[in-house]
Amino acid sequence: MLTAISYKIYEMRKYLVLSLIISIVAIPIANSFVVERDRNRNEMYGEAFWIYGFEIYNMTDSQLADALPPEWGFNASLYALPPYLGNITYEYPVFGLIFFAIAVWLYPGVGGLQPLWLNFLLVLVFNLNLVLVAILLRDKIYKVSWARFLFGAYFVYGLIMSAGGGKNEPIADCLMLMALILRKEGQMGKAMFTLGLAVQSKIYPAVIFPILFLEAPVSSVWFLISTLLTVIPFAFLGANFDSLISHFLNTTSYSSYIVNPMYPGLFLATPDVATNPVTYYMWPPALVPLIIYVTFMTYTIPLYLPSRQQFQGKSVVQKLLVLKPLYVYLLPAILFVYRWVMPWYLFWLGITVFLFDEDKQAIGYLKQLTVVGVVYTFGLLCNGPYLLSGPLPDFLANFTSGWYTIIGLSLMVGLTAFSYFAWKWTFERRERKARIIREAEARGELVI
């Protein structure tokens, strides 16, 4: 894997330099216009880790901000979750915490340039992710349009998550992509261990564990070994993962708010956030996103259903592996289950496209993710009265400069679009040149 990464970095060196320049320019722009609350929280908890250790998992944001030295400037308005999440303790898994704890240790000094330092580290990880995506796509990135679309989409997503948001996603994606590369190389033990670390950064990489388990059940012991990063602090060092568990189990104890406009539970129980305690009312339009999605799936799922012949003469494990395309295709349905789904969660499952063996299935999967994005946007309209009553204004409050935010966002979008089209033009130029050479050779001409 290291050899493949080195070769691909050399091959993509021009694009990576361009990507790094755009990312570094985007960091201060985003920092000026957006309250990067997740990054700020991780900075605060990373600093606090060296004082309180894993006890920070038992403290809410406001409790921790009050416990830290006042001169550090960790005020709740910038470093804590919104008031409606005030009872939430630190919920990120252990590996994510360790990453930020080491980062703030390497660059000490709260405030100042330290937040930008965290964004810069995440930008480096994001650009490594571009290399890993290119390795998994192989020569398809030069020949197939869906591969270039995926690469371009990940570039936009990764830039927002790292330079624009300072979030954990680039770390989890990096480890998840490495696990998929090691799987391709047949190093299943290393793949399982790396996947375990990915789950220790964010929970969502766990969706590929069933596939790896069926392909190499014995190697799953390495996955379990890597999860000791969570088990040891929980069992022996006093860590409390109640918030993470309540988030994962979709309970109201995490938040009375519902920020997923596709969540069908809004049909019978839309919260009235103006009441105290919160009451609930029926809102039939909340079912519209689910109806659209089910209709789409009804027409597209046959492509992923195995034939009867594919099951004949195979063991139970082999039969389950035959269902792999169906399993992966159904994964985006998870987004309808959870009460708390932010817009960028839609691309969490984009990387699982590499589990498909056929291009037509990969294309269909990317189309489904696009449809889910459209349905998510449509859900904002269907549930507009509720979302405008609280969740949407709270989200927009993270953009601190009002209408001037549009200027910063437009500049970031412009830089991203320039980079993407420059990359796309060079790849298509290379493809046209290769096609001309192939046609000339087919005519019997000598190409020098």
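All residue numbers for the sequence shown refer to the working numbering, where the first residue is 70 and numbers rise by one.
Every residue, glycine too, gets a C-beta built ideally from N, C-alpha and C.
Count Cβ pairs between the segment 149-161 and the segment 315-335 that sit closer than 8 Å; are there 3 or more?
Three or more pairs of CB atoms, one per stretch, sit closer than 8 Å, so the segment 149-161 contacts the segment 315-335.
**Report entry** 8 Å Cβ cutoff met for Phe423 and Leu249
**Finding:** Against a cut-off of 8 Å, the Cβ pair of Leu249 and Phe423 comes out as a contact.
Restricting to Cα atoms, I'd like to know which of Leu182, Lys253 and Gly448 is closest to Pro354. Looking from the CA of Pro354, the closest CA among Leu182, Lys253 and Gly448 belongs to Gly448.
Under a three-way DSSP split, which group does Tyr176 fall into? Assigned with DSSP and collapsed to three states, Tyr176 falls in coil, not helix or strand.
Item to check | Which residues DSSP lists as bridging Pro340, in chain order | outcome: Per DSSP, the beta bridge partners of Pro340 are Tyr349.
ask   = Quick one: does Pro358 have its CB under 8 Å from some CB of chain D?
value = No chain D appears in this structure, which consists of one protein chain only.
Legend entry - Distance between Pro333 and Gly453 (C-alpha atoms, nearest Å): Taking C-alpha positions only, Gly453 is separated from Pro333 by approximately 14 Å.
- request: Can you tell me which of Ser312, Gly122, Phe169 and Val290 puts its alpha carbon nearest to the alpha carbon of Pro239?
  value: When C-alpha distances from Pro239 are compared across Ser312, Gly122, Phe169 and Val290, the shortest belongs to Phe169.
Please list, in chain order, all residues of the same chain as Leu400 whose beta carbon is under 8 Å from its beta carbon, the five residues on each side excluded. For Leu400, where only same-chain residues beyond five positions count, the Cβ hits under 8 Å are Val276, Leu418 and Thr421.
- Tell me whether Val363 sits in a helix, a strand or coil according to DSSP, three-state version. Residue state, collapsed to three classes: helix.
Open item on the list: Less than 8 Å between the beta carbons of Leu372 and Lys429, yes or no?
Closed with: The beta carbons of Leu372 and Lys429 sit closer together than 8 Å.
- What distance in whole Å lies between the Cβ atoms of Leu147 and Asn109, which are believed to be in contact at a cut-off of 8 Å? Yes, they are in contact, since the Cβ atoms of Asn109 and Leu147 sit about 6 Å apart, within 8 Å.
Phe336 versus Tyr398: straight-line alpha-carbon distance, rounded:
Phe336 and Tyr398 have their alpha carbons spaced roughly 26 Å apart.
| Considering only residues of the same chain and omitting the five flanking positions on each side of Gly442, which have a CB-CB separation below 7 Å? | Shown here for Gly442: same chain residues with a beta carbon closer than 7 Å to its own, the five before and five after excluded, namely Leu415 in chain order.
- Within the present structure, is the beta-carbon of Ile314 separated from the nearest heavy atom of the ligand FAD by less than 7 Å? As for the ligand FAD, it is missing from this structure, which has no ligand bound.
- prompt: To which residues does DSSP link Val202 through a beta bridge?
  reply: Val202 pairs with nothing; no bridge assigned.
Exercise. From the DSSP output, read off the bridge partner residues of Thr158.
Key: Paired residue(s): Thr129.
What does the alpha-carbon distance come out to for the pair Leu392 and Phe380? When only Cα atoms are considered, Leu392 and Phe380 end up about 10 Å apart.
State the start and end residues of the unbroken alpha helix (DSSP H) segment that holds Ala402. First-last for Ala402: undefined, no H or E at that position.
| By Cβ distance, which residues of its chain are closer than 6 Å to Val58, with the 5 residues on each side in sequence left out? | This structure cannot settle anything about residue 58, because the visible part of the chain is limited to 70 through 517.
Pick from Ile506, Phe487, Phe464 and Met70: whose alpha carbon is nearest that of Gly255? When the alpha-carbon of Gly255 is set against those of Ile506, Phe487, Phe464 and Met70, the nearest one is in Met70.
- Task: Identify, in the order they occur along the chain, each residue of the same chain with its Cβ nearer than 7 Å to the Cβ of Arg252, setting aside the five sequence neighbours on each side.
- Result: Closer than 7 Å at Cβ, skipping near neighbours: Ala260 and Leu281.
Q.
Please give the ranges of any alpha helix (DSSP H) in the segment 377-432, keeping only runs that are unbroken, at least 4 residues long and fully inside the region.
A. Complete alpha helix (DSSP H) runs here, min 4: 385-391 and 393-399.
### Query
So, using beta-carbon positions, are Phe292 and Leu264 closer together than 8 Å?
Yes, they are a contact pair.
Discussion item. Just to confirm, is the Cβ distance from Ala232 to Ile90 under 8 Å?
Written reply: Result no, Cβ atoms of Ala232 and Ile90 do not sit closer than 8 Å.
| message | Going by DSSP in three states, Val104 sits in which element: helix, strand or coil? | response | Val104 falls in the coil class under three-state DSSP.
request  = Sort Tyr434, Asp341 and Phe490 by Cα distance to Tyr455 and report the nearest one.
outcome  = Ranking the options by Cα distance to Tyr455, first place goes to Asp341.
Legend entry - Same chain, Cβ closer than 6 Å to Phe365, five either side skipped, listed in chain order: Same-chain partners within the cutoff: Val440.
Review point. Should Met230 go down as buried or exposed, given a rule of 16 or more other Cβ atoms within 10 Å for buried?
Key: Only buried fits Met230, as 16 or more other CB atoms lie within 10 angstroms of its CB.
*asked:* If I follow the unbroken alpha helix (DSSP H) through Ala355, where does it start and stop?
replied: Segment: none, Ala355 is in no alpha helix (DSSP H) and carries neither H nor E.
**Request:** State whether the segment 197-212 contacts the segment 71-84, with contact taken as three or more CB pairs (one from each stretch) at a distance under 8 Å.
**Result:** Result yes; three or more Cβ-Cβ pairs closer than 8 Å.
Next item on the list: Give me the Cβ distance between Met257 and Ala285, rounded to the nearest whole Å; I'm assuming they're in contact under 8 Å.
Entry: Here Met257 really is in contact with Ala285; their C-beta atoms are around 4 Å apart, less than 8 Å.
message: Buried or exposed, going by whether 16 or more other CB atoms sit within 10 Å of the CB of Ser214?
response: Classification for Ser214: exposed.
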